[in-house]
Amino acid sequence: MPEGPSILILKEKVQPFKGKTVVEATCNNKTLNVSLLIDKPITDFKSWGKHFLICFPDFTVRIHMMMFGTYRINSHTKKPPRLGLRFSDDTELNFYACQLQLITEPLDDVYDWQADIMSDKWNSKKAIKKMKAEPELMVCDALMDQQIFSGVGNIIKNEALFKTRIHPESLVAALTSKKRNQMINEAVKYAFQFLEQKNAGTLKKNWQAYHKKECPRDHVPFIRKDTGKSHRTSFYCEVCMKLYE
DNA sequence: GGGAATGTTCACTA
DNA sequence: CTAGTGAACATTCC
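The first sequence begins at 238 in our numbering and counts up by one.
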């Protein structure tokens, strides 16, 4: 479910609920005091990378889908939802297997919108600055760092590195500035392609690296390895992807 | 049944 | 104190 583009799709789908007032709210664990939501209007939906934000007048409910989160709009599954919202016109929103958090601070104090790769406030110069502050970071970890590239997940990481021919264990400081800029631009570009392809149902079909067995360029087996301090799986080709170190 | 997977945080140890 | 490890959560598929 996660990765930034999927959250944008969710945000788009719930637009009809903007302005509706919650008449009933349930939570299948104790992570959110749902009585706070009763009779409160949803003022907006926002997102920051993988965070989905339901805004109310005086607070925000943060939903993180983690690995397995799902949702249903105007329907539900057999299991009680982690967060279930019902409205007076008999419509409902249900979220499952997700992490909930109440945010009472102003969102501008909590989130650096310029770090969200899919936001129109995205600022690549700021990301470069953050990368320069951690020169020993491997690029696989840098891309997955939500404070630098909010919204990037393991799929976007693998596809962007393959397309730009950068070995995932390359060090940030060793990249040429040209290569670094290519990597950043490709991550952003692919995130939007991800969005389009997911909507078209062609996402998996278009993967060139993620979970692939061999390199489509060189037809040699991909290396599949836990990389970096994040220990997330990378799929890469030692023939065409250069290691900068 | 075991293992893996689009993710993150926290407790614990060396 | 810090870096690294393992656990925890939760779901579905093979």
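We put the beta carbon where it would ideally sit given N, CA and C, even for glycine.
> DSSP state of E451, grouped into three classes?
Replying inline: strand
> When the Cα atoms are used, what is the spatial distance from L247 to F429?
Replying inline: 14 Å
>> As a quick exercise: from Y348, G438, R323, K366, pick the residue whose alpha carbon is nearest that of T263.
In response: R323
> Over what stretch of residues does the alpha helix (DSSP H) that includes L245 continue unbroken?
Replying inline: 241 to 250
> Between which two residues does the alpha helix (DSSP H) carrying Y427 extend?
Replying inline: 414 to 437
> Around the C-beta of E396, are 16 or more other C-beta atoms found within 10 angstroms, so that it is buried, or is it exposed?
Replying inline: buried
>> Please identify the residue among Q336, E329, I310, G438 whose C-alpha is closest to the C-alpha of M304.
In response: Q336
> In its own chain, which residues sit with a C-beta less than 6 Å from the C-beta of W350, not counting the 5 before and 5 after it?
Replying inline: Contacts found: S356, K358.
> Helix, strand or coil: which one does DSSP assign to C264?
Replying inline: Annotated three-state conformation of C264 is strand, per DSSP.
> Sorted by chain position, which residues of the same chain lie with C-beta nearer than 7 Å to T307's C-beta, five sequence neighbours on each side aside?
Replying inline: M238, Y333, A334
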